[in-house]
Amino acid sequence: MKKWMALSFLLGLLAGGEAFATDRVFTYTYEPETMPKGAWEFENWVTARLGRNKTVGQDDYNRWDFRQELEYGVTDNYLLSVYLNQKAENFKNPTTGTDSDSSEFEGVSIENKFLVMDPATHPVGLALYLEPTFAPDETELEEKIILGQRSGLWKWALNLTHATVWADDSDEVEGELEVTFGLSRELNKQWSLGVEFRNHNEIEDYEEWKHTAFFAGPVVSYRHGDWWVTVTSLFQFYGDNNVSPDPDGKKNFVLDEHEYVNIRCIVGLSF
Numbered sequence: 152m153k154k155w156m157a158l159s160f161l162l163g164l165l166a167g168g169e170a171f172a173t174d175r176v177f178t179y180t181y182e183p184e185t186m187p188k189g190a191w192e193f194e195n196w197v198t199a200r201l202g203r204n205k206t207v208g209q210d211d212y213n214r215w216d217f218r219q220e221l222e223y224g225v226t227d228n229y230l231l232s233v234y235l236n237q238k239a240e241n242f243k244n245p246t247t248g249t250d251s252d253s254s255e256f257e258g259v260s261i262e263n264k265f266l267v268m269d270p271a272t273h274p275v276g277l278a279l280y281l282e283p284t285f286a287p288d289e290t291e292l293e294e295k296i297i298l299g300q301r302s303g304l305w306k307w308a309l310n311l312t313h314a315t316v317w318a319d320d321s322d323e324v325e326g327e328l329e330v331t332f333g334l335s336r337e338l339n340k341q342w343s344l345g346v347e348f349r350n351h352n353e354i355e356d357y358e359e360w361k362h363t364a365f366f367a368g369p370v371v372s373y374r375h376g377d378w379w380v381t382v383t384s385l386f387q388f389y390g391d392n393n394v395s396p397d398p399d400g401k402k403n404f405v406l407d408e409h410e411y412v413n414i415r416c417i418v419g420l421s422f
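Sequential numbering of the sequence shown, starting at 152, is according to the numbering used here.
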């Protein structure tokens, strides 16, 4: 029931929102375009991560990730953003039958996005992305290569992402590799509909590959005036946990650090 309530909540945001001319038509996949010099935008992110299993001790799992982002066009080709990150987590321990509820501040992220080749003047748009995150218990550095283009009513984007996470006073190091892809078609001046794909991999201490997880699902975007709203629902369709013994007991899923369903809603406002 909680999963369907979460889905209804996010779809309600979609139905009530109005959108902005420089909207994002994907939520997991970044597009190469940057804002004009001097432009500002505020974005509110809500991501629902739903469904693990009893084997990992997290039955009826729900996690909500929140990000508040303020973007500024430093130049026509350089976008600077600051994020505040929070999370709230709830699940039932199947052994004790008790509920676990927690919430925490997950630090500050600083996004730097550099437009190298404008898709308006090149066959393929290219942007480079660098985002450090400073959290109470860990530090992360994320880099992206962002490719994309628009052809008529169609738009696509491809991201190649690498991240390094340092935790426990840098005694623990973990590498992450991710590929995301989005394809969207403009239905009219307000609505776009498409699909997103995500593959996430973790490499512990840059020595042992921990897992790979594949997700895919629909994305819908609505825009009007100074507002835009985009929602993606991703479903894990395959996962391989290279940990022995398998922590979640599922041969074709990764449910100890990922979920069956991820739903992300981003609302943007220009000013």
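Positions of the beta carbon are idealized from the N, C-alpha and C atoms, including for glycine.
Note to self: Output needed for Phe-193: all residues of its chain with C-beta closer than 6 Å, excluding positions within five of it in sequence on either side, in chain order.
What the structure shows: Leu-221, Leu-420
Item checked: 7 Å Cβ cutoff met for Met-268 and Gly-276 -> Taking 7 Å as the cut-off, the Cβ atoms of Met-268 and Gly-276 count as close.
Checklist line | Any beta strand (DSSP E) of 3 or more consecutive residues that is wholly inside the segment 245-329 | finding: 250-268, 276-285, 289-302, 305-318
Notebook entry, point to check: Based on Cα-Cα distance, which residue from Glu-327, Ala-367, Asn-244 lies nearest to Asn-352?
Noted result: Glu-327
Note to self: Let's see if you can read the secondary structure: which residues bound the beta strand (DSSP E) around Glu-347?
What the structure shows: 342-355
Checklist line | C-alpha gap between Leu-231 and Ile-261, whole angstroms | finding: Those two C-alpha atoms are separated by around 7 Å.
Margin query: On a Cα-Cα basis, can you pick out the residue from Lys-401, Glu-347, Ile-417, Arg-415 that is closest to Lys-205?
Written below: Lys-401
Checklist line | Neighbourhood of Arg-214 by C-beta distance below 6 Å, restricted to the same chain and skipping five residues each side | finding: Arg-200, Glu-240
Check: Are there 16 or more other CB atoms within 10 angstroms of the CB of Asn-392, so buried, or fewer, so exposed?
Finding: buried
Checklist line | the segment 239-254 contacting the segment 288-297, beta-carbon criterion three pairs below 8 Å | finding: no
Margin query: Among the candidates Glu-323, Asp-320, Glu-329, Ala-318, whose CA atom is the shortest distance from the CA of Thr-312?
Written below: Glu-329
Notebook entry, point to check: With burial defined as no fewer than 16 other Cβ atoms inside 10 Å of the residue's Cβ, what is the status of Phe-285: buried or exposed?
Noted result: exposed
Next item on the list: Starting from Ala-190, trace the beta strand (DSSP E) both ways and give me its first and last residue.
Entry: Looking at the DSSP string, Ala-190 is not in any beta strand (DSSP E), and its letter there is neither H nor E.
Notebook entry, point to check: Val-370: which of Asp-356, Val-418, Asp-377, Leu-385 sits nearest, CA to CA?
Noted result: Leu-385
Next item on the list: Tell me whether the beta-carbon of Glu-347 lies closer than 7 Å to the beta-carbon of Tyr-234.
Entry: no
Margin query: I'd like to check one pair, Gly-368 with Pro-183: are the Cβ atoms closer than 7 Å?
Written below: Against a cut-off of 7 Å, the Cβ pair of Gly-368 and Pro-183 comes out as no contact.
Checklist line | Local Cβ density within 10 Å of Asn-244, reported as buried at 16 or more and exposed below that | finding: Around the beta carbon of Asn-244, fewer than 16 other beta carbons sit within 10 angstroms, so the residue counts as exposed.
Notebook entry, point to check: To the nearest angstrom, how far is it from the Cα of Lys-188 to the Cα of Val-418?
Noted result: Taking the straight line from one Cα to the other gives about 21 Å.
Check: Using the beta-carbon count (16 or more within 10 Å), is Tyr-411 buried or exposed?
Finding: buried
Next item on the list: Take Gly-202 and list the residues in its own chain whose beta-carbon comes closer than 7 Å to its own, dropping the five residues that flank it on each side.
Entry: Correct list, in chain order: Lys-154, Tyr-212, Glu-410, Tyr-411, Val-412.
Next item on the list: Take Ala-318 as the anchor and find which of Asn-310, Asp-356, Ala-308 has the nearest alpha-carbon.
Entry: Comparing Cα-Cα distances from Ala-318 to each of Asn-310, Asp-356, Ala-308, the minimum goes to Asp-356.
Next item on the list: Report the residue from Lys-295, Gln-219, Leu-334, Val-324 whose alpha carbon sits nearest the alpha carbon of Trp-305.
Entry: Leu-334
Check: Helix or strand or just coil, what does DSSP make of Val-207?
Finding: helix
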